[in-house]
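In our numbering, the protein residues as written are 7 to 632. For each residue, glycine too, the CB sits at the ideal point set by N, CA and C. Keep in mind that this is a model prediction, so the values were computed, not measured. Beneath this line is the structure, given in C-alpha cells, with notes to follow.
If you want it as C-alpha cells, here you go:
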C-alpha cells in the first residue's frame, strides 16, 4: 500500500515552505504582472514577457484582463497560484487576437479530498483521510455535496463509474478521523454490474466542485493558447462563455495531475467546456485527463416556448441569458420528440419583468406536467417576448436552437484524452471534425453526439466527421451503450428515450479503431439521417461480462405508441452487434471489421427497428470477422 500522503507530496517543496511574508511577496509579484499586462493593453504594446517564477492571485476573481487586442503574453516557466474560492483564474473578457503561451495554473488548496478505502460494505464506506484532507473537509463548510470517484490501489485506473454523489450532511468522521460514507441500496446494487467492485486498499477521490473556470475566455474571439497547463481546478479548467465570436485555438494545452505529487485528480468538473460561441474552437495536440466530468463539451442552448402571444410573437425562455439578437435564425422543433418544424429570424427581443428564475421555473413545471420530463434548475435564465419575421405555429413546450451560436465548426485533432469519470468528447453542434485523437479509459462514451434536454443543451448534431481516432477501454459503465454513440432522442419521456424522430444528419464515422468497448457495441447510431459508417476496426466489444445484458435497449425505444412485436424485442435484445443502428434512414455501412468478438458478440452490424438502407448486416461467422 502507498505511504501516507503529506503536504510535500501534494505541492512542490518550495511552495509548501512559504510563510505569510513569502505569500505576500508572491501576491505583490502577481499584482505587478497584472498591472504590466493592463498597461501594455492600454499602450498597444505587442508583447509582454512574464519572468519564470511563482505568482499568487488571492480572492475569488483571480486575474481579470479586459479589452485586450493584438497582444502576446509569453509566460514560459511561470506558475500562477489561486485561492480555493476562485471562480475565475485567468479571466479574459471581451478580448481579441491575444496569444498566451507557456503558463501553468495551480491552486494553493486542492479542490478535492482523497484517501484510502478501509472498509467497503453494503451500507457504508470507511475512508482513511490524511491530515491535510481532514483539515480541508472541516474548512469546506459551504460544500453541500461531494462526488466520489474510485481508483485502483496505484491510483492509475478508475474501477467503477458509479455517479456517486453524497450530501455533506450524510458524511461524518469517526474517532480516528476516518470518513464515513453511507451507501444506499441502489448504489450497492449498481456495483454488482461494474468492472470491479471497489475494495479495501483502493483509492478514492471526493470532488469539491463550484462554477467558473481556471482559464475563462469570456466574450472573446480569435484567441490563441499554447502550452498552457492546468494542474488543479474546482470548476471547468478551460471555459468559453459569453456569446463570443469564438474561433479560439488551444494548442499543446494540458489538464494533468501535477508531476512529482501524489494527487489523484486534476479537475472536479469538465476539462474543456465551450458554450454559445459563434465559431467552435480548434483543439489540437492537447492532453486532457483526470477530470471528474467530461473532458470536452461543446454546445449551445435550447430556447423553450411558453406561449404564442401573436401570429409572429412568442414568450420564450432563454437559459443562461442566451442572447437573441435581431437577425438570429432559430430552428424550431416540436416537443417532446424534437421533429423539426420551421425556421424563423428574430426581429426584436424584450425581456419581461420578473426574476431571472421565473421563466425557467415555468419551463420546468410545464415539462414535468405535460411530458413527465425533469429539467435542471438553471441560473441566469431570461423570460423574453420575441417577435419573428414570419407567422409561427407553435405549442407550449416547443423548443428552438441557434446553429450559429453553438460552437459549430469545431475541430479536435491529434489530442490525447484519457482517464475521466464521464465522457471523452460530448458534442452538440454542426460542421465539426473529430480526427486522429487517442481516447482512453473513459467511464462512459469515448465520443458522443447527443443533445441533453435535462441541461437544455443542444442543438441536434449535424455534418460531423469522426475519423481516424483510436478508442481504448472506453464505456466501461453498464449504461454507456457504445464507445462512439450518436443519439438524439433526448426529448421524449423519460429524457433519454430513443424516439422515432430522425433529427441528426450527415454523421460520418470512418477509419476509427475501437478496442475493448466494455459494456456494449463499438459504434451505435440512433435517430440519424444518412449516417456513413465505414472502414472501422473493432476489437472485442462487450468485454465486461458483468455489464452485458444489464441494459435492455428495447426498453428505451419510444415509437409514438407503436409497440414492438415480441420477435422484434427478442431479436434486439440478443443482437450483441459490434455496430448498432436504430431509428435511422439511408444508412451507408461498408468495410467494417471485427476482431476477437468474444463470447457475446454475434454480428458485425445490426440495423434494428426504424432503419432503412443498411447495406451491411453481417453475422459474426462472416468474412469480416478476423
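Residues bridged to residue i [DSSP beta-bridge criterion]
i	result
residue 527	488
residue 303	279 and 432
residue 445	423 and 477
residue 187	131
residue 249	In DSSP, residue 249 forms no bridge with anything.
residue 210	121 and 156
residue 588	532
residue 514	471 and 538
residue 169	Bridge partners of residue 169: none, in fact.
residue 84	59
residue 354	393
residue 324	388
Rounded separation between residue i and residue j - CA only
i	j	result
residue 243	residue 293	12 Å
residue 299	residue 440	19 Å
residue 416	residue 285	7 Å
residue 117	residue 220	12 Å
residue 135	residue 125	13 Å
residue 555	residue 564	In this predicted model, residue 555 has a pLDDT of only 48, less than 50, meaning its place in the structure is not dependable; the value taken from the coordinates is given anyway. If I take the Cα positions, the gap works out to 20 Å.
residue 550	residue 584	14 Å
residue 283	residue 355	20 Å
residue 381	residue 265	40 Å
residue 85	residue 592	53 Å
residue 579	residue 573	10 Å
residue 211	residue 137	15 Å
residue 232	residue 318	47 Å
residue 14	residue 20	Low confidence applies to residue 14: its pLDDT is 46, below 50, so where it sits in the model is not reliable enough to give any reading.
residue 51	residue 290	28 Å
residue 571	residue 560	11 Å
residue 451	residue 145	35 Å
residue 6	residue 120	Here the chain covers residues 7 to 632 and nothing more, so residue 6 does not appear.
residue 660	residue 405	Only positions 7 to 632 of the chain appear in the structure, and residue 660 is not among them; the question remains open.
residue 619	residue 594	7 Å
residue 313	residue 468	28 Å
residue 650	residue 331	One cannot answer for residue 650 here, as it falls past the ends of the chain, which runs 7 to 632.
residue 546	residue 611	14 Å
residue 351	residue 613	38 Å
residue 521	residue 544	6 Å
residue 250	residue 99	9 Å
The beta strand (DSSP E) enclosing residue i, as first and last residue numbers
i	result
residue 391	388-394
residue 122	118-126
residue 233	First-last for residue 233: undefined, no H or E at that position.
residue 309	309-316
residue 112	110-113
residue 103	102-107
residue 458	Looking at the DSSP string, residue 458 is not in any beta strand (DSSP E), and its letter there is neither H nor E.
residue 602	Looking at the DSSP string, residue 602 is not in any beta strand (DSSP E), and its letter there is neither H nor E.
residue 161	Careful: residue 161 lies outside any beta strand (DSSP E) and carries neither H nor E.
residue 6	Nothing in the structure corresponds to residue 6, since the chain is present only between 7 and 632.
residue 257	255-257
residue 216	Neither: residue 216 is in no beta strand (DSSP E) and is coded neither H nor E.
Helix, strand or coil at residue i [DSSP, three-state]
i	result
residue 15	helix
residue 345	coil
residue 612	strand
residue 548	coil
residue 22	helix
residue 560	helix
residue 61	strand
residue 366	helix
residue 331	coil
residue 464	strand
residue 374	helix
residue 555	Interpretation of residue 555 is limited by its pLDDT of 48, a score under 50 that renders its predicted location unreliable; no figure is taken from the coordinates.
residue 519	strand
Span of the alpha helix (DSSP H) around residue i
i	result
residue 138	137-145
residue 49	26-49
residue 574	572-579
query = Does the stretch 270-289 come close enough to the stretch 183-193 that 3 or more CB-CB pairs lie under 8 Å?
reply = They do not touch, by the three-pair rule.
message = Closer than 8 Å is the cut-off here; do at least three beta carbon pairs connect the stretch 438-456 with the stretch 421-430?
response = These segments touch.
inquiry  = I want to know whether the stretch 169-187 touches the stretch 142-158 - three or more CB-CB distances under 8 Å.
reply    = Yes: the two stretches touch, three or more of their Cβ pairs being nearer than 8 Å.
request  = Give a yes or no on contact between the stretch 254-269 and the stretch 131-149, applying the rule of three or more CB pairs nearer than 8 Å.
outcome  = Fewer than three beta-carbon pairs drawn from the stretch 254-269 and the stretch 131-149 are found closer than 8 Å, and the two stretches are therefore not classed as touching.
query = Should the stretch 363-382 be called in touch with the stretch 524-539, which here means at least 3 C-beta pairs below 8 Å?
reply = As far as the Cβ criterion goes, the stretch 363-382 does not touch the stretch 524-539, which means the pair count is below three.
request  = Examine the Cβ distances between the stretch 53-68 and the stretch 87-95 and report whether three or more of them are shorter than 8 Å.
outcome  = Yes: at least three Cβ pairs fall under 8 Å.
key: Any 3 or more C-beta pairs closer than 8 Å across the stretch 426-438 and the stretch 338-351   = Contact between the stretch 426-438 and the stretch 338-351 is absent, because fewer than three Cβ pairs lie under 8 Å.
ask   = Do the stretch 459-478 and the stretch 175-185 meet, that is, are 3 or more Cβ pairs less than 8 Å apart?
value = Judged by Cβ distances under 8 Å, the stretch 459-478 makes no contact with the stretch 175-185, as fewer than three pairs qualify.
task = Count the C-beta pairs between the stretch 232-241 and the stretch 107-116 that are closer than 8 Å, then say yes if the count reaches three, no if not.
result = Flag = yes, the stretch 232-241 and the stretch 107-116 touch.
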